[in-house]
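**Q** For the sequence shown, the numbering used here begins at 26 and goes up steadily by one.
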Amino acid sequence: MDYRIKTEGMGCPHCIARVTNALNAMGAEIRSMALNDFTVGFEGDPAAVRASIEDLGFDVISIEEA
């Protein structure tokens with residue numbers, strides 16, 4: 026399933042790389058990504074995606090089915 030995720034606190038390409046690496050490590054496939062707004066394909070609990078991003082220090086504003 027694809028999810029659109031809106032975050033807060035990502036301010037540079039390094040932030041994007043950190044989130045991308047964390048999501049890839051949990052099996053998510055990045056569909057599109059920009060600062061604070063991206064879409065991922067993930068089979069599992071969206072709460073796990075939220076936790077992974079928040080563990081990096083970024084706020085998750087919303088996760089919606091894309």
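Cβ coordinates follow ideal geometry from the N, Cα and C atoms, glycine included.
1. Taking only three categories from DSSP, how would you classify Glu79?
2. Which word fits Met53, buried or exposed, when buried means at least 16 other C-beta atoms lie within 10 angstroms of its C-beta?
3. Any idea what DSSP makes of Ala53, helix, strand or coil?
4. Taking only three categories from DSSP, how would you classify Ala91?
5. Rounded to the nearest angstrom, how far is the Cβ of Val85 from that of Ile30, given a contact under 8 Å?
6. Thinking C-beta only, is Arg56 closer than 9 Å to Val65?
**A** Taking the structure as given:
1. Position 54 of the sequence shown holds residue 79. It is helical.
2. As a first step, residue 53 must be located in the sequence shown, where it is residue number 28. The sequence given here has Ala at residue 53, not Met. Ala53 should be labelled buried.
3. Here the question's residue 53 lines up with position 28 in the sequence shown. Ala53: coil per DSSP, three-state reduction.
4. What you label residue 91 is simply residue 66 of the sequence shown in a count that begins at 1. Ala91: coil per DSSP, three-state reduction.
5. As a first step, residue 85 is located in the sequence shown; it is residue number 60 there, counting from the start. As a first step, residue 30 is located in the sequence shown; it is residue number 5 there, counting from the start. Rounded, the Cβ-Cβ distance is 7 Å, consistent with contact.
6. To locate residue 65, count along the sequence shown from 1; it is residue 40. To locate residue 56, count along the sequence shown from 1; it is residue 31. Going by C-beta atoms, Val65 is nearer than 9 Å to Arg56.
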